[in-house]
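Visitor:
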Amino acid sequence: MNVKPVTRPTEADLKQNAVLAGLRCDWATEVIERGEATILATPNPIYAAGCQIREVYFPIDAVLSVVTQMRDGASIEVGTVGREGVSAIPLLLGATTSANESYCQVPGRAVVISSDHFQRMLSAGNEEFRIVLNRFLQAYVNMLGQLAACNGRHSVYERCARWLLLTHDRVNSDTISLTHEYLSMMLGARRSGVTAAAAALQCEGYISYSHGQIKVLDRRGLEGASCECYAVSREQFGPLLGITERSEKKQREDRSYHQEPDPAS
Ligand SMILES: [Zn+2]
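Here it is, written out as structure tokens:
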């Protein structure tokens with residue numbers, strides 16, 4: 077596992093993940109004392125297909141990608157997990173191995189605990205914890221269906237806008253680190269098509285793109301460019317991400333506060 081733990085998680089870290097934020101006090105203390113706050117880089121492997129799940133990740137501002145490998149070697153994203161949920165979806169369903177590979181898709185922070193620790197929490201029968209996990213699971217399953225429909229029906233341009241919006245909702249920044257190669261894997265599209273779609277979104281002034289960094293410049297414009305699938309997914313994930321009109325305003329304020337000064341200005 078090419079992941080370097082850096083420190084113990086703090087209470088503030090736990091508050092930033094929808095599942096951990098709902099933990100009762102004694103469980104939160106155990107996660108703080110026994111868990112790790114980790115910085116994930118791209119492409120840190122999270123799970124290998126068919127292998128035992130040993131660690132459970134709760135993203136804070138990292139985004140994880142669940143990927144299926146095709147026989148011709150192509151990799152296609154079949155799901156994503158951000159601060160609305162948890163990496164170990166198979167454990168929620170009673171399995172101990174992952175059918176698909178998982179990677180860190182957008183670098184950032186995550187809280188990690190052992191699968192044994194997570195299993196103990198699952199089997200403790202805390203109804204509130206289970207309700208939050210079930211809400212996440214339902215939103216995740218609905219997202220899988222929406223992704224399948226989207227990939228079969230909508231253009232790369234629309235899907236690219238949808239993907240950027242969903243990722244923008246999960247990271248605490250307007251800048252997303254991502255290469256064209258990765259984005260083409262996420263969208264299950266040819267790299268040339270993704271390059272053309274990103275260029276068109278940049279031409280419209282919705283994003284800027286250079287050296288593996290995509291910056292969201294005009295969110296409303298991006299929403300107009302996306303297919304309907306973004307709004308459907310947002311309806312599912314919005315409550316878990318705490319997205320409301322008010323929190324969106326706060327997020328924009330936070331982002332402008334955290335942004336580095338433009339050297340040109
Ligand atoms: Zn779509």
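The numbering of the sequence shown is this note's numbering, which starts it at 77 and goes up by one.
Yeah, the Cβ is synthetic: ideal placement off N, Cα and C, and Gly gets one too.
Quick caveat, the model's predicted, so the values are computed rather than measured.
Evaluate the contact criterion for the segment 233 to 250 versus the segment 191 to 200: three or more CB pairs, one atom per stretch, below 8 Å.
Guide: no
Visitor: Is H230 near ligand 1, in the sense that its beta carbon is under 7 Å from a heavy atom of that ligand?
Guide: yes
Visitor: Please state whether the Cβ-Cβ distance between V247 and D148 is less than 8 Å.
Guide: Result no, Cβ atoms of V247 and D148 do not sit closer than 8 Å.
Visitor: How would you label L263, buried or exposed, when you count the other beta carbons within 10 angstroms and need 16 or more for buried?
Guide: buried
Visitor: Leaving out five residues before and five after L168 in sequence, what residues of the same chain have Cβ atoms less than 7 Å from its Cβ?
Guide: Here the set comprises L209 and L213.
Visitor: Keeping to the same chain, check which residues put their C-beta closer than 7 Å to that of Y48; ignore five residues upstream and five downstream.
Guide: The requested residue 48 is not part of the displayed model; the chain covers only 77 to 341.
Visitor: On the premise that V232 lies in contact with G269, defined as a C-beta separation below 8 Å, what is that separation, rounded to the nearest angstrom?
Guide: 4 Å
Visitor: Could you name the residues of the same chain whose beta carbon sits closer than 6 Å to that of R100, not counting the 5 residues immediately before and after it, in chain order?
Guide: In the same chain as R100, and ignoring 5 residues on each side of it, no C-beta atom comes closer than 6 Å to its own.
Visitor: Given a cut-off of 8 Å, decide if V162 and N176 are closer than it, judged by their beta-carbon atoms.
Guide: no
Visitor: Unbroken alpha helix (DSSP H) runs of length 4 or more, entirely within the segment 250 to 283: which are they?
Guide: 256 to 263 and 267 to 279
Visitor: Have a look at E131 and V95 and give me their C-alpha separation to the nearest angstrom.
Guide: 16 Å
Visitor: How should L220 be labelled, buried or exposed, when 16 other C-beta atoms within 10 angstroms of its C-beta is the threshold for buried?
Guide: exposed
Visitor: May I have a chain-ordered list of the alpha helix (DSSP H) segments no shorter than 4 residues that lie completely inside the segment 298 to 322?
Guide: 305 to 317
Visitor: Considering only residues of the same chain and omitting the five flanking positions on each side of N218, which have a CB-CB separation below 6 Å?
Guide: Q312
Visitor: Give the single residue among Q289, E234 and S191 whose Cα lies nearest to the Cα of E112.
Guide: S191
Visitor: Are there any heavy atoms of ligand 1 lying less than 7 Å away from the beta-carbon of E257, as far as the coordinates show?
Guide: Answer for E257: no, Cβ out of range of ligand 1.
Visitor: Contact check, T251 vs G288 under 8 Å by CB: the rounded distance?
Guide: That belief does not hold up - the Cβ atoms of T251 and G288 are roughly 10 Å apart, past 8 Å.
Visitor: Applying the criterion that 16 or more other CB atoms from any shown protein chain within 10 Å of the CB defines a buried residue, is G184 buried or exposed?
Guide: buried
Visitor: Scan the segment 113 to 188 and note each continuous beta strand (DSSP E) run of 3 residues or more that stays entirely inside, going in chain order.
Guide: 121 to 123, 131 to 135, 139 to 145, 151 to 157 and 177 to 182, all fully within the segment 113 to 188.
Visitor: Can you list, in chain order, the residues of its chain whose CB lies under 7 Å from that of A186, leaving out five sequence neighbours each side?
Guide: T114, L116, Y133, F134, P135, I136 and A138
Visitor: For I207, tell me which candidate among A97, H244 and R266 has the shortest Cα-Cα distance.
Guide: Nearest C-alpha to I207 among A97, H244 and R266: A97.
Visitor: When you compare only the Cα positions, how much space is there between D338 and A224?
Guide: Any answer about D338 is weak, because its pLDDT of 45 lies below 50 and its placement is not dependable; what the coordinates show is given next. One C-alpha to the other measures close to 39 Å.
Visitor: Compare the beta carbon distance of E87 and L316 with 8 Å and say whether it is the shorter of the two.
Guide: no
Visitor: What first and last residue would you give for the alpha helix (DSSP H) that runs through V107?
Guide: C101 to R110
Visitor: Quick one: what does DSSP say Q92 is sitting in, helix, strand or coil?
Guide: Three-state result, Q92: coil.
Visitor: By alpha-carbon positions, which one of G126, G158 and V157 ends up nearest to Q145?
Guide: G126
Visitor: What does the alpha-carbon distance come out to for the pair E234 and D102?
Guide: When rounded, the distance between both Cα atoms is 45 Å.
Visitor: Would you kindly work out how many angstroms separate the C-alpha atoms of E204 and E106, rounded to a whole number?
Guide: 17 Å
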